[in-house]
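Down below is the structure, laid out as structure tokens.
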Amino acid sequence: MPAELDKRFDPKPVETRLYRAWMERGLFRAPAGDTRPRFSMVIPPPNVTGALHLGHALNNTLQDVLARHKRLLGFDVLWMPGTDHAGISTQVVVEKDLAKRGLTRHDLGREQFVDQVWEWKAKYGARIVEQLQALGVSCDWERERFTMDPGLSRAVREVFVRLHREGLIYRSEYLVSWCPRCTTVLSDLESPYKPVNGKLYKIKYALVDGSGAIEVETTRPETLLGDTAVAVHPDDERWNALIGKSLRLPLLGREIPIVADTFVDRDFGTGAVKVTPAHDPHDFECGRRLGLAMINILHPDGRLNDAAGPYANLDVAEARKKVVADLDAQGLLTGVTEHAHEVPHCDRCDTLVQPLLSEQWFMRMAPLAAPALAAVREGHVRLHPKSWENTYYHWMENIRDWAISRQLWWGHRIPAWKCAACDEWTVAIEDPTQCTHCGSTEITQESDVLDTWFSSALWPFSTMGWPDDTETLRAYYPTNVLSTAADIIFFWVARMIMMGVHFTGSLPFRDVYLHPLIRDEQGRKFSKSKGIGIDPLDVMGIYGTDAMRFTLTSLAVQGRDIRFGMQVMEGGRAFVTKLWNAARFALMNLADYDANASVGERGLYDRWILHRMDVAIADAHVALDEFRFNDAAQTLYHFVWGELCDWYIELAKIALQSSDEAQRRAAQATLVTVLRGALTALHPIMPFVTDEIAASLPDADGRFLMERSYPERGAGLDAESARDLDALVEVVTRIRQVRGELDLPQSTLVGVAFPIAATAFVQRHSAAIRALARTAPPTCSDEPPSPTASVVLVQGWSLRVELDDPRFVADEVRRLEKELLRVDKDLAITAKKLDNPSFVERAKPEVVQAEREKLSQLQAERGSVHERLEKLRRAAGGET
RNA sequence: GGGCGCGUAGCUCAGCUGGUAGAGCACCUGGUUUACACCCAGGGGGUCGGCGGUUCGAUCCCGUCCGCGCCUACCA
């Protein structure tokens, strides 16, 4: 005796109950020891900074779809969960939190501050996990990892030490992007360009010998304090006579040379460039090439230092103002123009980035990039959509060394110790007690930590126990799929590939799925700082988790962003409700159903829906294999709504009320089979509602859907039966069209007459036609239609719909006229094609043949419509 | 400045290898039929951004222009 379902589905209590039950049953656990084929993924570890956003919801829904799908296919699945310490981001939020209490991290000191961050991590890391679980994700939570876990920290040290030993990690003075607010170096990736409306200042530099002056232009006039040359293009006839002469640096009076360098663009400004090697990336390169002095004019906090002479201790903005004023006063400022350009800002705190000279740890990338590039080129790693591969190639081919040190407190502290005696570095996995170079015990550890992405790059194997040769690693590494956002291809994906190849000898994953970016209704990128965004927890609260998951899945198209407004959720919710109600209908009709009794011969309609289900599930699986999540969702949606509910359930009602016990039982059994099949197929997308319904089906056995598998393929339908069903659908639809166009109410049953040739068809489907098209019992005769009949041509039969009311004649005339217009239009197009000799000659024969058939069909249709119309007009004319 | 992508019904978007355009929502009409008004049945609505080209035939291929977006870049 099946359970009853409530009139309405109430998601929340079901979600919490089921998730707990799944966990208790250990359904997400990856055993590592068994013999089934394996499928593994690592979660892109969310930052412990804050809360889950809609992008996470999308990405993790899609991963969960894959994980559950593979389980239903019989795979041993590991989906490895965890979180990321997110160096700068987390440090910044904790500092902001401290600032509310009027404290800075320096008030606490390093150790205490780091303790504070761990507290933050404990709190928000747990919250993130809760939110992921609310989404229903089936990660193996017993294996949850954090990038600063002891094991992962050991992996980080191991990698650092090995790379250092291989000469791939080195220290160097370099012009880095510096955030004066965070007082740390930023990678290129962490300092995005933003448009700024600046000014272009034209400044006059006088020649020392008094023979004239050169004008240069700059957007950052304060940097002239650090100028050590002015450069011109060697082939520039305006200036090359002056090369080698000296200029008097304005304000400070220093003598600087005029140098030649081809990096100068002769067409920009005056063709002469001031060179500030310590504060501009291009000038730095130029300075290196020419051996120019490098004068650093900045303190790490962004104020000017003593090298700036009278401008010392001003911050950059103040110094600029004063420099400009002083230049102007001395008549050296010869022009100011508006100048819009793009300037790097700190990705985390939006502060203007300053290029600054400093000693940093670097990682040599070119040797690592080569195999990673080849892996994608040769198709061993595939990006989906493929279009991202070009972006990947471009970046990898032009890869630069990676500045890996960060002047932060939160993160993996660099395992390098500096000797006070010999000034050498000792790099070691275990904390050393003395210098390996001179044996001195006067060593102190580097205070810098590693860029967050350093540990993220190891994630696929560090989470599985590397560098130990663990069972987990052997079983689940390399992983199969990585699903992530496209904007971190370089930050993360490329680096995982490089590190994976280098340290494990294997590519860390085969397929990389880049999910679409979610934007708001106006197409803006979601952003916490601008307050643009939708909280997935709100969405789940209002519409239910299944509805959100279904909606997100059906929006996940390859290569296109998603515009998300709350309104699109309605469709998902409606679908959940539809499924629920279909199940309610089934259960109402299964009260006396015995799951163990044998099922006799299934009816035509039963076999049809089983066949349709087979096709739908197969299509959905192909779509999933190709990461076409939207297609998978849509295929199943259409099957459930457009075929199961719209047609099969309506057809089944006939059998269910039938006095033929065998027919009734077959329909009951089919209903159970199809419903369970549909629920299973939808389970990866909508895990909660499907499991909830499945538990009340009469064949429930206490197992969850995930403990079962997809329905077996096979309940085939022969081609002839399929055509028979197509004909039925068309007949019913055509009758409904006539009814609809004449606005007949449901209560009006119309008479329908088929030609004698259709007798067998009518006998087979009489009950269905009556019920679905709301007709009187259909008859078969070849008599001409009565004056008040509407005639439609379907399946080659002239079908008469008796209207029994002269009032409808006018409507019918209008309907036929419209019909005639349509047929004539189609006829014209088809005829034109066939009249074209080159079409008949050159088009594929089967296409020509199809056109010919279409032509004759249309001609017959036209004849019938026309004849009918004439008759009606005559009849109408005769009456009035 | 380069590279990539997008522009299809009022809205949000599907349309794999070229053969007379689809869905959901919205809109209009009619509906309490053994689940579902978050529903059922029917309907209207598109020169597939513009212009050229290839082809018997182009939303789909090529060129170009217009309008968006993303990535990337050393014009100070």
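Taking our numbering, the leading residue of the first sequence gets -8, the next gets one more, and so forth.
Each residue gets a CB set at the ideal place from its N, CA and C atoms; glycine is no exception.
Let's test the definition: count the other Cβ atoms within 10 Å of the Cβ of Pro4 and tell me whether it reaches 16, buried, or not, exposed. By 1-based counting over the first sequence, the position of residue 4 is 13. Counting Cβ neighbours within 10 Å, Pro4 comes out exposed, since fewer than 16 surround it.
What number of angstroms, rounded off, separates the C-alpha of Gly100 from the C-alpha of His76? Translated into positions along the first sequence, residue 100 becomes position 109. Translated into positions along the first sequence, residue 76 becomes position 85. Between Gly100 and His76, the C-alpha separation is close to 19 angstroms.
Using 8 angstroms as the threshold, is the stretch 449 to 457 in touch with the stretch 414 to 433, meaning 3 or more CB pairs across them? no
For Ser202, count neighbouring Cβ atoms within 10 angstroms of its own Cβ and tell me buried if that reaches 16, exposed if not. Taking the first sequence and counting its residues from 1, the one referred to as residue 202 is at position 211. Ser202 should be labelled exposed.
Nonlocal neighbours in the same chain, by C-beta distance under 7 angstroms from Leu670, ignoring five residues either side: Walking along the first sequence from the start, residue 670 turns up at place 679. Thr681, Ile684, Ala685, Leu696, listed in sequence order.
Work out the CA separation of Met387 and Ala303 for me, nearest whole Å. Working through the first sequence from its first residue, we reach residue 303 at position 312. Working through the first sequence from its first residue, we reach residue 387 at position 396. One C-alpha to the other measures close to 41 angstroms.
What residues in its chain sit with their C-beta under 8 angstroms from that of Thr209, if we drop five residues either side in the sequence? The residue given as residue 209 occupies position 218 in the first sequence. Result list for Thr209: Leu191, Tyr192, Ile194, Leu215, Lys265, in chain order.
Under the rule that 16 or more other beta-carbon atoms within 10 Å means buried, what is Glu652, buried or exposed? Here residue 652 is taken as the residue at index 661 of the first sequence, counted from 1. With fewer than 16 Cβ atoms within 10 Å of its Cβ, Glu652 is classed as exposed.
May I have the straight-line CA-CA distance separating Glu858 from Leu(-4), to the nearest angstrom? As a working mapping, residue 858 is identified with position 867 in the first sequence. As a working mapping, residue -4 is identified with position 5 in the first sequence. Rounded to whole angstroms, Glu858 to Leu(-4) spans 55 angstroms at the Cα level.
May I have the straight-line CA-CA distance separating Asp885 from Asp256, to the nearest angstrom? Here the chain has residues from -8 to 871 only, and residue 885 is not among them.
Per DSSP, what kind of secondary structure is Tyr701 in: helix, strand or coil? Position 710 of the first sequence holds residue 701. In this structure, Tyr701 counts as coil in the three-state DSSP scheme.
Where His375 and Asp502 are concerned, what is the direct C-alpha to C-alpha distance, given to the nearest angstrom? Start at 1 with the first residue of the first sequence, and residue 375 comes out as number 384. Start at 1 with the first residue of the first sequence, and residue 502 comes out as number 511. Approximately 7 angstroms, taken between the alpha carbons.
Would you tell me roughly how many angstroms separate the C-alpha atoms of Phe630 and Arg603, rounded to the nearest one? Taking the first residue of the first sequence as position 1, residue 630 is located at position 639. Taking the first residue of the first sequence as position 1, residue 603 is located at position 612. When rounded, the distance between both Cα atoms is 7 angstroms.
Looking only at its own chain, which residues have a Cβ that is under 6 angstroms from the Cβ of Asn621, when we skip the five neighbours before and after it? As a working mapping, residue 621 is identified with position 630 in the first sequence. Closer than 6 angstroms at Cβ, skipping near neighbours: Ser545, Ala547, Val548.
Return the chain-ordered ranges of every alpha helix (DSSP H) run that is complete within the stretch 772 to 801 and spans a minimum of 4 residues. Correct list: empty.
Answer yes or no: do Ala780 and Arg791 have a C-beta to C-beta separation smaller than 9 angstroms? For the purposes of this step, residue 780 is identified with residue 789 of the first sequence, where counting begins at 1. For the purposes of this step, residue 791 is identified with residue 800 of the first sequence, where counting begins at 1. Taking 9 angstroms as the Cβ cut-off, Ala780 and Arg791 qualify as a contacting pair.
Where do the N-terminal and C-terminal ends of the alpha helix (DSSP H) with Glu641 fall, by residue? Sequence index remark: in the first sequence, residue 641 carries index 650 (1-based). It spans 640 to 647 - the alpha helix (DSSP H) in which Glu641 sits, taken as one unbroken run.
Nearest CA to the CA of Ala744: which residue from Cys426, Val753, Val472, Arg391? Reading the first sequence from its first residue, position 753 is the one you call residue 744. Considering only alpha carbons, the answer is Val753.
Given a cut-off of 9 angstroms, decide if Glu329 and Gly142 are closer than it, judged by their beta-carbon atoms. Your numbering for residue 142 matches position 151 in the first sequence. Your numbering for residue 329 matches position 338 in the first sequence. Result no, Cβ atoms of Gly142 and Glu329 do not sit closer than 9 angstroms.
Would you check if there are 3 or more beta carbon pairs closer than 8 angstroms linking the stretch 636 to 653 to the stretch 755 to 775? yes
Alpha helix (DSSP H) segments (min. 4 residues) lying fully within the stretch 282 to 357: 307 to 320
Give me whichever residues DSSP pairs with Val207 in a beta bridge. Within the first sequence, the letter at position 216 stands for residue 207. DSSP output for Val207 lists Ile194 as bridge partner(s).
Locate the beta strand (DSSP E) running through Ser589, then write down its first and last residues. Counted from its first residue, the first sequence places residue 589 at position 598. Counting along the chain, Ser589 sits inside no beta strand (DSSP E), nor does DSSP assign it H or E at all.
Considering only residues of the same chain and omitting the five flanking positions on each side of Trp393, which have a CB-CB separation below 6 angstroms? In the first sequence, the residue the question calls residue 393 occupies position 402. So the list reads Met354, Met356, once near-sequence residues are dropped.
Buried or exposed, going by whether 16 or more other CB atoms sit within 10 Å of the CB of Arg564? Walking along the first sequence from the start, residue 564 turns up at place 573. Burial call: buried.
Candidates Phe494, Val187, Arg806, of which the one nearest Pro362 by Cα: As a position in the first sequence, residue 362 is number 371, starting the count at 1. Per the Cα distances, Phe494.
Using the three-state DSSP reduction, which class does Asn188 fall into: helix, strand or coil? Within the first sequence, residue 188 is the residue found at index 197, counting from 1. Assignment of Asn188 by DSSP, reduced to helix, strand and coil, places it in the strand class.
Going by other Cβ atoms of all chains shown within 10 Å of its Cβ, with 16 needed for buried, is Ala320 buried or exposed? Locating residue 320 in the first sequence gives position 329, where the first residue counts as 1. Exposed is the call here.
Cβ-Cβ separation, Cys130 to Phe19 (assumed contact under 8 angstroms), whole Å: Here residue 19 refers to the residue found at position 28 of the first sequence. Here residue 130 refers to the residue found at position 139 of the first sequence. Contact holds; Cβ gap of about 6 angstroms.
Strand pairing of Tyr165, partner residues [DSSP]: Residue 165 sits at position 174 when you count from the first residue of the first sequence. Beta-bridge pairing links Tyr165 to Ser349.
Classify Phe151: buried if its beta carbon has 16 or more other beta carbons within 10 angstroms, exposed otherwise. By 1-based counting over the first sequence, the position of residue 151 is 160. Under this definition Phe151 is a buried residue.
Who does Cys170 pair with in a DSSP beta bridge? Counted from its first residue, the first sequence places residue 170 at position 179. Per DSSP, Thr175.
What's the gap between the Cα of Lys887 and the Cα of Thr253? With the chain running from -8 to 871 in the structure shown, residue 887 is simply not present.
Inside the stretch 529 to 605 only - alpha helix (DSSP H) runs reaching at least 4 residues: 536 to 546, 560 to 579
The stretch 427 to 444 in contact with the stretch 397 to 410 per 3-pair CB rule at 8 angstroms: yes
Contacts around Glu133, its chain only, beta-carbon distance under 7 angstroms, and the 5 residues preceding and following it disregarded: For the purposes of this step, residue 133 is taken as the residue at position 142 of the first sequence. So the qualifying residues of the chain are Arg20.
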